[in-house]
Each structure stands twice: as C-alpha cells, then as structure tokens.
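Presented below is the structure to which this report refers.
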Amino acid sequence: YPAAENGRVYQYNKTNLSQQIAVNTNSNAQHYSSPIVYNDYLYLSDWHGTSGSYIYQVNASNVTGYINRYSKGACEGAPVIADDYIYYQCSTSLIQLNATNVSIFIASFNGGGADSTGNGPIIYGDYVYYGDASGMVYQLNKTNVSLNVANFSTGGIVSRQGAAAHGYVYFGSAGNYTYQLNSTNIS
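Residues are numbered in my numbering as their position in the sequence shown, beginning at 1, plus a constant of 187.
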C-alpha cells in the first residue's frame, strides 16, 4: 500500500506487485508517511491538502474509498497502533483515536509549542513517547495520552522517531547526542 505526495494510495496484489488492484485518488491530499494496516483497515495521514488535513481509515481490501476520517492539521509523522488505539503526531500535538473508527477522538497532548518535525510516536510498555522541535521528549499514558507522566529536554530538535528495547527508550537530537532513557520514568 504505497501512498504518494500526489494524493494517491495504491493497492497491489501481494504475490505479484505488477498487478495493481485499486487506487485511491484524493488529489488534494499529500501523504508523507507510510500507511499502516491493522484489523483489515489501512490508516494514512494527509499533511496539508487543500481540502484540509485528515487522518484517514480505508478498507484494506478495497482502497478506493474512505470509511472514516478525523480532521487535524499537519499529520506528517508515521502512525502507531496498540490496544485498539491509533496515535499520530500532528503539528504540536499527539492525537489518540479509536482504531475501529478514527472519527472518534479519545485524547490529545500538546507538546512544547514547537511544530512537528515529521517523526512519529513509539509505544513501549504502558507508555507512548514522542519528541518535538522544542527538544522535548514526552512520556504519556498509553490509555489516555492527555496524562503526561514525565518529560526530558534534549537541548536540540528531536527530528526522528525514537526506539525502545530492554527497558530503555532512545532518542536522538539535533544537538548531536543520542539519549538512553529509563522507560519507566524518562525525567
């Protein structure tokens, strides 16, 4: 399911990529991150199309139409899904939506006031982590992202998605450092 800046989402035969099955042609959309598939749905974001910025939910077996959408500005980061929630970093906020119906808003967290840098959140254990252009990394409650557990200042723009393993989360910053933070409390 490649998505393109020209607004198209392509569906190909998984055993023969030369066979195109369907195309979704929303000429107003600009898709900068890769879509993801979860429970027979395809999820993708529109960064700043002329019809507005949306998070789309599409039938994965036929991508020609949208099932649901949620309007939120500048969602260029990659989404992540866990426990029937979908998380997107959109502009200065992290948005939590119902993965079964993305038009249902669950919660949001507004970071340090700096614009999104194109990265997305990561999920590890009971938490969602994301960084922003203000140089902050945020640790949020996974079931309600409006609850900020802790944060850490890197001193430089966090412009890429972090990683997690073995009880730690890792984030790099424009200050030329990579940070290894305890995943239970990053402060």
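Cβ coordinates follow ideal geometry from the N, Cα and C atoms, glycine included. Since the structure is predicted, the reported quantities are computational estimates derived from the model, not experimental observations.
### Beta-bridge partners of Leu231, as assigned by DSSP
For the purposes of this step, residue 231 is taken as the residue at position 44 of the sequence shown. In DSSP, Leu231 forms a bridge with Tyr243.
### Query
Looking only at DSSP bridge pairs, what is Ala269 linked to?
As a first step, residue 269 must be located in the sequence shown, where it is residue number 82. Answer is Tyr272.
### Task
Answer with yes or no whether the minimum CB distance from Asn338 to chain D is below 9 Å.
Note that chain D does not occur in the displayed structure, where there is just one protein chain.
### Message
Can you tell me where the beta strand (DSSP E) holding Ala352 begins and where it ends?
### Response
As a position in the sequence shown, residue 352 is number 165, starting the count at 1. Run containing Ala352: 350-352, per the beta strand (DSSP E) assignment.
### Query
Where does Ser340 fall in DSSP's three states?
The count along the sequence shown starts at 1 and reaches residue 340 at position 153. When secondary structure is reduced to three states using DSSP, Ser340 falls in the strand class.
### Task
Note down the Cα distance separating Ile268 from Gly318, rounded to an integer number of angstroms.
Here residue 268 is taken as the residue at index 81 of the sequence shown, counted from 1. Here residue 318 is taken as the residue at index 131 of the sequence shown, counted from 1. Each residue's alpha carbon lies about 17 Å from the other.
#### Entry: Beta-carbon proximity check, Ile223 vs Ala265, cutoff 9 Å
Taking the first residue of the sequence shown as position 1, residue 223 is located at position 36. Taking the first residue of the sequence shown as position 1, residue 265 is located at position 78. With respect to the 9 Å criterion, Ile223 and Ala265 are classified as neighbours on the basis of their beta carbons.
### Query
To the nearest angstrom, how far is it from the Cα of Ala350 to the Cα of Val210?
Numbered from 1 along the sequence shown, position 163 holds the residue referred to as residue 350. Numbered from 1 along the sequence shown, position 23 holds the residue referred to as residue 210. Inter-residue distance for Ala350 and Val210 is about 32 Å (C-alpha atoms, whole angstroms).
#### Entry: beta strand (DSSP E) segment containing Leu334, residue limits
Indexing the sequence shown from 1 puts residue 334 at position 147. Neither: Leu334 is in no beta strand (DSSP E) and is coded neither H nor E.
### Task
State the DSSP-derived secondary structure class of Ala320, mapped to helix, strand or coil.
Locating residue 320 in the sequence shown gives position 133, where the first residue counts as 1. In the three-state scheme derived from DSSP, where H, G and I count as helix and E and B as strand, Ala320 is classed as coil.
### Query
Does DSSP put Val345 in a helix, in a strand, or in coil?
In the sequence shown, the residue the question calls residue 345 occupies position 158. In the three-state reduction of the DSSP assignment, Val345 falls in the coil class.
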